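Trainee:
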Amino acid sequence: IKSNQFVILSHTSSVFLVSMSCEKQQQNDFSKIRAKLSEFPGGNVSLAKDEHSGIAELVLDRPEKRNAMSGKMMVEFRDRVEELENWHEGKGVILRGNGCNFCSGADLKFAKASTARDGLEMSEWMRDALVRLQRLPLVSVCLVHGPCFGGGAELAVFCDYLIAADDVRFGFVQGKMGIVTAWGAGTR
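Residue 134 in this note's numbering sits at position 134 of the sequence shown; the count goes up by one each step and never skips.
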């Protein structure tokens, strides 16, 4: 093992060498991850920008699955954050879920259909998207209501401010699944 790498052991006993220099992820690697994530449909992530107020609204829209993030939604989320990076007139962004809750995390059917390598790549993708969200020159506010577990809780804590309804239930349930907060929330 080289000095800039560490070993990831998964529950399937696969071993991966992962570079510690996440910032230097090659764009062509992300295009492969994009293609793989796009194979898992369901829901969408919309972005509405109000040019007059400078406030944008980023909405997770898959209420029938409690806004669980499909691969397609992960791709759209990162794309929308990239749009916000280029919105120079913006002042703030509100992140919310459509329907009865904010986000219940990653779609478990998608997770179960994925290999350990797929899971690693999905984590790299979402970590990149959330770090980009965190670094936006906009004030970010997450509106949370209902169950907010796993990846949903990770999404919420990457915002500058979090406003929680009285019915919210947070849970970093990744440990029960034998994984860490792979999208990077463990550092927040």
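Built from N, CA and C at the ideal position, the CB exists for glycine as well.
Keep in mind it's a predicted model, so treat the numbers as computed, not measured.
Determine the burial state of K72: buried for a count of at least 16 other Cβ atoms within 10 Å of its Cβ, exposed for fewer.
Mentor: The residue you call residue 72 lines up with position 72 of the sequence shown. By the 10 Å Cβ count, K72 comes out buried.
Trainee: Let me know if E124 comes out buried or exposed under the rule of 16 or more other beta-carbons within 10 Å of its beta-carbon.
Mentor: The sequence position of residue 124 within the sequence shown is 124, counting from 1. It counts as buried.
Trainee: In the DSSP assignment, the beta strand (DSSP E) including G151 goes from what residue to what residue?
Mentor: For this step, residue 151 is matched to residue 151 along the sequence shown. Element bounds for G151: not the beta strand (DSSP E) but the alpha helix (DSSP H), G151 to V157.
Trainee: How is S104 classed by DSSP in three states: helix, strand or coil?
Mentor: On the sequence shown, position 104 is the one that residue 104 refers to. DSSP places S104 in coil when its eight states are reduced to three.
Trainee: Just tell me which of R78, D167, V139 and E83 has its CA closest to the CA of I55.
Mentor: Within the sequence shown, numbered from 1, the residue matching residue 55 stands at position 55. The option with the nearest alpha carbon to I55 is V139.
Trainee: Enumerate in chain order the residues of its own chain whose CB-to-CB distance from V81 is below 6 angstroms, with the five nearest sequence positions on each side excluded.
Mentor: In the sequence shown, counting from the first residue as 1, residue 81 sits at position 81. A129, R132 and L133.
Trainee: Locate the beta strand (DSSP E) running through E57, then write down its first and last residues.
Mentor: In the sequence shown, the residue the question calls residue 57 occupies position 57. It spans I55 to D61 - the beta strand (DSSP E) in which E57 sits, taken as one unbroken run.
Trainee: How is L95 classed by DSSP in three states: helix, strand or coil?
Mentor: Translated into the one-based positions of the sequence shown, residue 95 becomes position 95. Looking at L95 - three-state DSSP - the assignment turns out to be strand.
Trainee: Between which two residues does the beta strand (DSSP E) harbouring K49 extend?
Mentor: By one-based count along the sequence shown, residue 49 stands at place 49. Residues N44 to D50.
Trainee: Grouping DSSP H, G and I as helix and E and B as strand, with all else coil, what is A90?
Mentor: Counting from one through the sequence shown, the residue named residue 90 turns up at place 90. Ala is not the amino acid found at residue 90; the sequence shown has Gly there. Of the three classes helix, strand and coil, the one that applies to G90 here is coil, per DSSP.
Trainee: Taking the C-alpha atoms as reference points, what is the distance between D61 and G90?
Mentor: Numbered from its first residue, the sequence shown carries residue 61 at position 61. Numbered from its first residue, the sequence shown carries residue 90 at position 90. Distance between the alpha carbons of D61 and G90: 22 angstroms.
Trainee: On the three-state DSSP scale, how would you describe F170?
Mentor: By one-based count along the sequence shown, residue 170 stands at place 170. Residue state, collapsed to three classes: strand.
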